[in-house]
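Counting in the working numbering, the sequence shown tops out at residue 172, every number present. Below you'll find the structure, written out as structure tokens, and then a few comments.
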Amino acid sequence: VQPVLTVFVDQIARNLGHVALISGAIFSASGLANIIAAPRLGKLSDKIGAHQIMLFTLIVAGILFIPQAFVHNPWELMALRFLLGLAAGGLNPSVNVLLKKITPSNLTGRVFGLNMSAAYLGVFGGSVLGGQIAGHFGVRYVFLVTGALLLMNAIWVYFKVYGKLQREKLLE
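Below, the structure is given as structure tokens:
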């Protein structure tokens, strides 16, 4: 979404001016919310399990992307991006906890390095895909596709991670 965010803000701003400034504020809203939520969701994951936080935040993030496609002004988009940041704050801590749990100690550095590489590959691929979707279908479709991808990821996490961890917990 980030590569097309300024274009989208320009489309919905309706002569507000300072599109770059407004886009920066909208982009920053999710970062600010992430700063607020990440420590709290990390603490909660210690209590209830990282897999539960990861599943919940994927679902909420996927759902929150969809209405972003239908906003009519930048302030609505900013509010939704802030809520998205609150949800997304639980993803990185949860992934890191789960990686640490399943990784042998002699491979931890390598696995975390691969995780970071995969994250940047996602930024690269997402930017290219988002640009292609925006170019062919319109900017609003980038939000819909991103939401759908997050929800599909949540389904995958449920069956491959959450379900497996829940079954292991029952066997203990």
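Quick reminder that beta carbons are idealized off the backbone N, C-alpha and C, glycines included.
In this structure, 72 is the residue among 72, 123, 158 and 99 with its C-alpha nearest to the C-alpha of residue 16. Two segments are said to touch when three or more pairs of C-beta atoms, one from each, lie closer than 8 Å; by this definition the segment 137 to 149 does not touch the segment 106 to 121. A Cβ-Cβ distance of about 6 Å is found for the pair residue 88 and residue 34, placing them in contact under the 8 Å criterion. When 36, 43, 50 and 67 are compared, the shortest CA-CA separation from residue 145 is found for 67. A Cβ-Cβ contact shorter than 8 Å links residue 112 with residue 99. Rounded to whole angstroms, residue 47 and residue 131 show a C-alpha spacing of 40 Å.
In terms of Cβ geometry, residue 9 and residue 142 do not form a close pair [threshold 8 Å].
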